[in-house]
Amino acid sequence: MEIPRLSSPHNGSGDDDDDEDTPDHLRFIEGATFHIFSSSASFAVFSPLKETHVFIETINATAFYNHTEPVGTIVYDLPLEIPPGLSETDRLPVDWDPESIGYDRIRGALGGGLRLSAKAEVGVRLGKWKEKLWFEGEGIGAKVRL
Numbered sequence: 001m002e003i004p005r006l007s008s009p010h011n012g013s014g015d016d017d018d019d020e021d022t023p024d025h026l027r028f029i030e031g032a033t034f035h036i037f038s039s040s041a042s043f044a045v046f047s048p049l050k051e052t053h054v055f056i057e058t059i060n061a062t063a064f065y066n067h068t069e070p071v072g073t074i075v076y077d078l079p080l081e082i083p084p085g086l087s088e089t090d091r092l093p094v095d096w097d098p099e100s101i102g103y104d105r106i107r108g109a110l111g112g113g114l115r116l117s118a119k120a121e122v123g124v125r126l127g128k129w130k131e132k133l134w135f136e137g138e139g140i141g142a143k144v145r146l
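Structure, rendered in structure tokens:
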């Protein structure tokens, strides 16, 4: 069976941390924007599929600062359609952890950004195929806005 070729809009790593361990063009989540007052987040995502839309049907995710300090959680069960290529999601509701050091770092980055990690269980659908996937991401560039 031939494996389809997957493409990317990037030629190499576009991140600014001087490593090539995980180039941006291999990332599903290319970036995030956290909106503090509306308790929401939107994501720049990249699907390498050329013609097929991916549907994210459920999300149970936690973002971390410094890999261990929880920032906030997203629990969402409405389908998100991810078209081929680079796209931006709708804003998803975030349940902040205001007692955590991670949330303090988010507030401190207001108007700027920082890098976060995330762990999530995600329900994905491609056509009629459905699967629950475990996602772990590191070095996700996050902008912080009001």
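In terms of full-length UniProt numbering, the sequence shown opens at residue 1 and continues consecutively. Backbone N, C-alpha and C define an ideal beta-carbon position, used for all residues, glycine too. For clarity, every value in this text was computed on a predicted model and none was experimentally measured.
{"Item": "C-alpha gap between residue 66 and residue 117, whole angstroms", "Value": "7 Å"}
{"Item": "Span of the beta strand (DSSP E), counted from its first residue to its last, around residue 36", "Value": "Here residue 36 belongs to no beta strand (DSSP E), and DSSP marks it neither H nor E."}
{"Item": "DSSP three-state assignment for residue 91, whether helix, strand or coil", "Value": "coil"}
{"Item": "Bridge partners - residue 71, DSSP secondary structure assignment", "Value": "Answer is none; residue 71 lacks a bridge partner."}
{"Item": "Own chain residues within Cβ distance below 6 Å of residue 101, not counting five before or after", "Value": "69"}
{"Item": "Buried or exposed by the 16-neighbour rule on C-beta atoms within 10 Å, applied to residue 108", "Value": "exposed"}
{"Item": "Beta carbon of residue 94 nearer than 8 Å to that of residue 42", "Value": "no"}
{"Item": "Selection from 97, 98, 81, 85 that minimises the alpha carbon distance to residue 91", "Value": "81"}
{"Item": "Own chain partners of residue 96 with C-beta closer than 7 Å, once the 5 adjacent residues on each side are dropped", "Value": "39, 72, 103"}
{"Item": "Length of the line joining the Cα atoms of residue 113 and residue 142", "Value": "5 Å"}
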